[in-house]
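Notes to accompany the following structure.
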Amino acid sequence: MSTPLSDAALDQLFREARTYNGYLDRPVNEEQLHQLWDLLKMGPTSANQLPARIIWCTSPEARERLAAHVSASNKPKLHSAPVCAIVAMDIDFHEQLPWLFPHADAKSWFANDEELRKLSALRNSTLQGAYLILAARALGLDCGPMSGFDNEAVDKDFLADHPRWKSNFLCTIGYGDRSSIFQRSPRPDFDTFNSIL
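1 is the number of the first residue of the sequence shown in full-length UniProt numbering; add one for each residue after it.
What follows is the structure, given as structure tokens:
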């Protein structure tokens, strides 16, 4: 576990990986989605909260429904992607803590503080969304994380059966079309945004 990854692996996960705006006509199957989950669930969250709830939009009908709620610039991404994940968060994630974090009475930490739950759900579901992106890249897939959508409309259309789930962000997944990416935006050197005390 302590051996550094190869340069090729680091390139695939970070240095050469890009955000895609279009995808090749190549499917992503259900087994791959299970593989994604089995990797991303291993990433750390506070007290093993695991608040992310993912809706995998794989059918043309589901992606078309979702496209109705995104900005005009995001519609082509959705139309070309074989999968778009709605990364949502469960505001009542604490109900699962007795079995997810049996080491302490973690449920009681959140039971009477919804604002704390919302903050923690947002923070930790965002972490899980980042793990999703890295898991996809590790499995040879490409991603296009995005905001630019109507959260309330997505929640009403896709999460109505779970009123305590709220959408965080969207992420297209597939085999990226290299012609769809922009020139890489600047990535600053360490000293620009970092301090060591």
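Glycine is no exception: its CB is placed at the ideal position from the N, C-alpha and C atoms.
Taking the continuous alpha helix (DSSP H) assigned at residue i, which residues delimit it?
i	result
residue 133	114 to 138
residue 70	Note, residue 70: premise wrong, no alpha helix (DSSP H); not H, not E.
residue 157	151 to 158
residue 80	75 to 80
residue 88	Per DSSP, residue 88 belongs to no alpha helix (DSSP H); it is in the beta strand (DSSP E), 83 to 90.
residue 38	30 to 40
residue 191	190 to 193
residue 142	Not the alpha helix (DSSP H): residue 142 falls in the beta strand (DSSP E), residues 142 to 146.
residue 110	107 to 110
residue 9	7 to 10
residue 97	97 to 100
Drop a sphere of 10 angstroms on the beta-carbon of residue i, count the other beta-carbons inside from all chains shown, and report buried for 16 or more, exposed for fewer.
i	result
residue 59	exposed
residue 178	exposed
residue 160	exposed
residue 120	buried
residue 108	exposed
residue 117	buried
residue 80	buried
residue 197	exposed
residue 78	buried
residue 45	buried
Can you check whether the CB of residue j is closer than 8 Å to the CB of residue i?
i	j	result
residue 132	residue 171	yes
residue 149	residue 73	no
residue 169	residue 147	yes
residue 158	residue 54	no
residue 82	residue 174	yes
residue 114	residue 91	yes
residue 93	residue 49	yes
residue 181	residue 18	yes
So residue i is in the beta strand (DSSP E); what residue range does that whole segment cover?
i	result
residue 52	52 to 57
residue 170	165 to 174
On the premise that residue j lies in contact with residue i, defined as a C-beta separation below 8 Å, what is that separation, rounded to the nearest angstrom?
i	j	result
residue 200	residue 47	Any property of residue 200 remains undetermined from this structure, which presents the chain solely from 1 to 197.
residue 88	residue 166	6 Å
residue 144	residue 21	6 Å
residue 43	residue 127	7 Å
ask   = How do the segment 95 to 102 and the segment 57 to 73 stand: do at least 3 beta-carbon pairs fall below 8 Å, yes or no?
value = no
ask   = If we count Cβ pairs, one from each stretch, closer than 8 Å, do we get three or more for the segment 134 to 146 versus the segment 33 to 43?
value = yes
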